[in-house]
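J.: Below you'll find the structure I mean.
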Amino acid sequence: MQTLEALLAEHPFFTGLELPYIQVIANFASYDHYSAHKYLFHEGEQAAHFYIIYEGKVALETFAAERGMITIETIEAGEVLGWSWLFPPYRWHFAARVVEPTSAIILDGGGLRAKCQEDHHFGYELTKRVAHIMMQRLQATRLQLLDLYGMHA
Amino acid sequence: MMSIESSDPMLPRPYRVRRVRREIPDTFTLDLEPEDGSAIPSFATGQFNMLYVFGVGEIPISISGDPTKPGSLVHTIRAVGTVSRMMQKLKPTDVIGVRGPFGSHWPIERAIGKDIVIIAGGIGLAPLRSTLYQIIKEREKYGKVVLIYGARTPEDMLYRKECERWQKQPHLEVSLTVDRATSSWCGSVGLVTKLIPRASFDPQKTLALICGPEVMMRFSAVELEKCGVAAENIFVSMERNMKCAIGFCGRCQYSRSFVCKDGPIFSYGSIRDLLVKREI
Chain A
1 MQTLEALLAE HPFFTGLELP YIQVIANFAS YDHYSAHKYL FHEGEQAAHF YIIYEGKVAL
61 ETFAAERGMI TIETIEAGEV LGWSWLFPPY RWHFAARVVE PTSAIILDGG GLRAKCQEDH
121 HFGYELTKRV AHIMMQRLQA TRLQLLDLYG MHA
Chain B
1001 MMSIESSDPM LPRPYRVRRV RREIPDTFTL DLEPEDGSAI PSFATGQFNM LYVFGVGEIP
1061 ISISGDPTKP GSLVHTIRAV GTVSRMMQKL KPTDVIGVRG PFGSHWPIER AIGKDIVIIA
1121 GGIGLAPLRS TLYQIIKERE KYGKVVLIYG ARTPEDMLYR KECERWQKQP HLEVSLTVDR
1181 ATSSWCGSVG LVTKLIPRAS FDPQKTLALI CGPEVMMRFS AVELEKCGVA AENIFVSMER
1241 NMKCAIGFCG RCQYSRSFVC KDGPIFSYGS IRDLLVKREI
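In the order they appear, the protein sequences are chains A and B.
Be aware that the first sequence starts at 1, since it is given in our numbering, and climbs by one per residue.
Be aware that the second sequence starts at 1001, since it is given in our numbering, and climbs by one per residue.
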């Protein structure tokens, strides 16, 4: 089994990040398995962590009256789940439900935020990576909004 | 008396409806057989026929059946216009006119020894299904075979039972995704583009086939290129209104090409710049 540091170092999210910073991040990391149907977090809860999905599938959900739980998107192996830990008010905007048995690296958002505050270069490197994911998700959401397969398609 | 050449590509042949299958609420499949009992012309996957509802009109529809089973001619149609809505009302033993097959085909002969990535969106799975049948039949000829299929909701997923059967096949990697879902859906939620980097294929030796709404094809091709697939190894199926289907009338003109004659299958490299141009 690889160490958390090795797993983090080879993940695309951390590509180009200097080794000492990987070591800092590894100090705030742990690894866990989740069975299907378990919720990693619920809407409105404090966003204390974020996750690197190593294996499995997690659905981001919200609740709408008369429609029940709606899946916004799924986050799967290799992807990063959660950015609410980085921005006030540090609360989850959606719920995250495990669809398939999932293994994930869990990162302590509060601890990393404090490190970002201490070392702005580290903060910039981490924020840049989170911003990249946000950009990708925004672009995907824009395409989803086009309702590509609707009657006008 | 003037005789009519039976090989005249403008002359529809009467075909009898053998079976009508409702696929999803607005989409249905017609199984057709020649009324005179003659053989169905062979076709290459990706080609289309002109289907004619007498007295109503004619529309181009891709062939979605198995090319190795020549017993009936299969088309899956979405009821969106006057002719297709009339077709939705057809019953077994009704007769329609058929001209074809026309157009270029998916070049899977170029995929021998390579990986194949098939990306379909919505009704776009229909023109690719016949290719998939052929690939499955000749499975040993190819490397990895990946199907990525996206639909609006799980209920809008075309050939869903067939997709689930393909998912269970050990030598096919099938990923299904929808734009919207409730918690009962266990597949992915998000666009097909998101599933491309997750798929396992060697971009240096991959042939990619894409069919779906033009925007989806454009973004999927961009994503494939980002993964390292060369533009000339990516093929898309274009759609335009057609009239003659043999390159005479110019109705389906697409810059210097005619979709009916030079397409509908084009290499992405040959039309990449046109896909972002307006009014073509």
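Backbone N, C-alpha and C fix where the C-beta goes; we use that ideal spot for every residue, glycine too.
The model shown is predicted, which means the values in this text are computed figures rather than measured ones.
Buried or exposed for G1250(B), going by 16 or more other Cβ atoms inside 10 Å?
T.: Under this definition G1250(B) is an exposed residue.
J.: Using a beta-carbon distance cut-off of less than 7 Å, what residues from the stretch 1214-1248 of chain B approach chain A?
T.: Answer set for the stretch 1214-1248 of chain B: V1215, M1216 and F1219.
J.: Okay, do the stretch 39-59 of chain A and the stretch 96-111 of chain A touch, 3+ Cβ pairs below 8 Å being the bar?
T.: Yes: at least three Cβ pairs fall under 8 Å.
J.: S1084(B) and I1059(B) - do their beta-carbons sit closer together than 9 Å?
T.: Cβ atoms of I1059(B) and S1084(B): closer than 9 Å.
J.: Across which residues does DSSP place M69(A) in a beta bridge pair?
T.: Partner(s): F63(A).
J.: Tell me the rounded alpha-carbon separation between S1003(B) and S1255(B).
T.: With a pLDDT of 48 at S1003(B), under the threshold of 50, the modelled position of this residue cannot be trusted, and the question is left open.
J.: For F1219(B), report the span of its beta strand (DSSP E) as first-last.
T.: Careful: F1219(B) lies outside any beta strand (DSSP E), inside the alpha helix (DSSP H) at E1214 to C1227.
J.: Based on Cα-Cα distance, which residue from H1075(B), T1082(B), L1207(B) and K1114(B) lies nearest to L1158(B)?
T.: Minimum Cα distance to L1158(B) is reached at H1075(B).
J.: How about the stretch 1144-1159 of chain B and the stretch 1171-1184 of chain B: do they share at least three Cβ pairs that are nearer than 8 Å?
T.: At 8 Å Cβ cutoff, the stretches touch.
J.: Beta strand (DSSP E) containing L4(A): first to last residue?
T.: Careful: L4(A) lies outside any beta strand (DSSP E), inside the alpha helix (DSSP H) at L4 to A9.
J.: Could you tell me which uninterrupted beta strand (DSSP E) segments, each at least 3 residues in length, are contained entirely in the stretch 1030-1106 of chain B, listed from first to last along the chain?
T.: Whole beta strand (DSSP E) segments, 3+ residues: 1048-1053, 1057-1062, 1073-1078 and 1095-1102.
J.: Can you pull the chain A residues whose beta carbon is under 7 Å from the beta carbon of L1191(B), in chain order?
T.: Those are A140, L143 and Q144, listed as they occur along chain A.
J.: Kindly indicate if chain B contains any beta-carbon less than 9 Å away from that of T74(A).
T.: Taking Cβ atoms only, chain B reaches closer than 9 Å to T74(A), which makes this a yes.
J.: Helix, strand or coil for F122(A), going by three-state DSSP, please let me know.
T.: Helix, per DSSP.
J.: Do L1073(B) and V1098(B) come within 9 Å of each other at the CB atom, strictly closer than that value?
T.: Yes, they are a contact pair.
J.: Check D32(A) in the structure and name its three-state DSSP category.
T.: It is a strand residue.
J.: Of the residues E1023(B), D1115(B), I1136(B) and I1024(B), which one's Cα is nearest the Cα of D1066(B)?
T.: Selected option, being the one with the closest Cα: I1136(B).
J.: Between the C-alpha atoms of V1117(B) and Y1142(B), what's the straight-line distance to the nearest angstrom?
T.: Roughly 11 Å between the two C-alpha positions.
J.: Tell me the residue span of the alpha helix (DSSP H) that contains E1023(B).
T.: From DSSP, E1023(B) is part of no alpha helix (DSSP H) but of the beta strand (DSSP E) over R1013 to I1024.
J.: Are any of the Cβ atoms in chain B nearer than 9 Å to that of A96(A)?
T.: With 9 Å as the cut-off, A96(A) does not count as an interface residue toward chain B.
J.: In this structure, does DSSP put L148(A) in helix, strand or coil?
T.: In the structure shown, L148(A) sits in coil (DSSP, three-state: anything other than H, G, I, E or B).
J.: Alpha carbon to alpha carbon, how far is W1185(B) from I1246(B)?
T.: Computed Cα separation, rounded: 44 Å.
J.: What's the call for P88(A), buried or exposed, on a 16-neighbour Cβ count within 10 Å?
T.: Classification for P88(A): exposed.
J.: Does S1183(B) come within less than 9 Å of chain A when only Cβ atoms are used?
T.: With 9 Å as the cut-off, S1183(B) counts as an interface residue toward chain A.
J.: Give me whichever residues DSSP pairs with F50(A) in a beta bridge.
T.: BP columns for F50(A) point to L107(A).
J.: Measuring alpha carbon to alpha carbon, tell me which of C1211(B), D1031(B) and Q1088(B) ends up nearest I1024(B).
T.: Residue Q1088(B) is the option with its Cα nearest to I1024(B).
J.: Would R67(A) count as contacting chain B if we go by Cβ distances under 9 Å?
T.: It does; some Cβ of chain B falls within 9 Å.
J.: Against chain A, with Cβ distances strictly below 9 Å, would K1082(B) count as a contact?
T.: Just to set this straight, residue 1082(B) is Thr in the shown sequence, not Lys. Closer than 9 Å: no.
J.: Of the choices V99(A), D147(A), G150(A) and A140(A), whose alpha-carbon is the least far from that of E1223(B)?
T.: Comparing Cα positions, the closest option is A140(A).
J.: Between which residues of its own chain and M1216(B) is the CB-CB distance below 6 Å, once the five residues before and five after are set aside?
T.: Correct list, in chain order: G1121.
J.: If I measure Cβ to Cβ from K115(A) and keep anything under 7 Å in the same chain, skipping five residues before and after, which residues do I get?
T.: Excluding sequence neighbours, K115(A) sits near V24 and F122.
J.: Rounded to whole angstroms, what is the Cα-Cα separation between N1168(B) and R1198(B)?
T.: According to the sequence as given, residue 1168(B) is Lys; it is not Asn. Approximately 18 Å, taken between the alpha carbons.
J.: Spell out whether any CB of chain A is found under 9 Å from the CB atom of T1177(B).
T.: Taking Cβ atoms only, chain A reaches closer than 9 Å to T1177(B), which makes this a yes.
J.: For T1068(B), which option in V1080(B), N1049(B), T1045(B) and F1054(B) has the closest C-alpha, if you only look at C-alpha atoms?
T.: Per the Cα distances, T1045(B).
J.: Count the C-beta pairs between the stretch 65-73 of chain A and the stretch 22-36 of chain A that are closer than 8 Å, then say yes if the count reaches three, no if not.
T.: Segments in contact, no.
J.: Grouping DSSP H, G and I as helix and E and B as strand, with all else coil, what is Y1133(B)?
T.: Here Y1133(B) sits in helix by DSSP.
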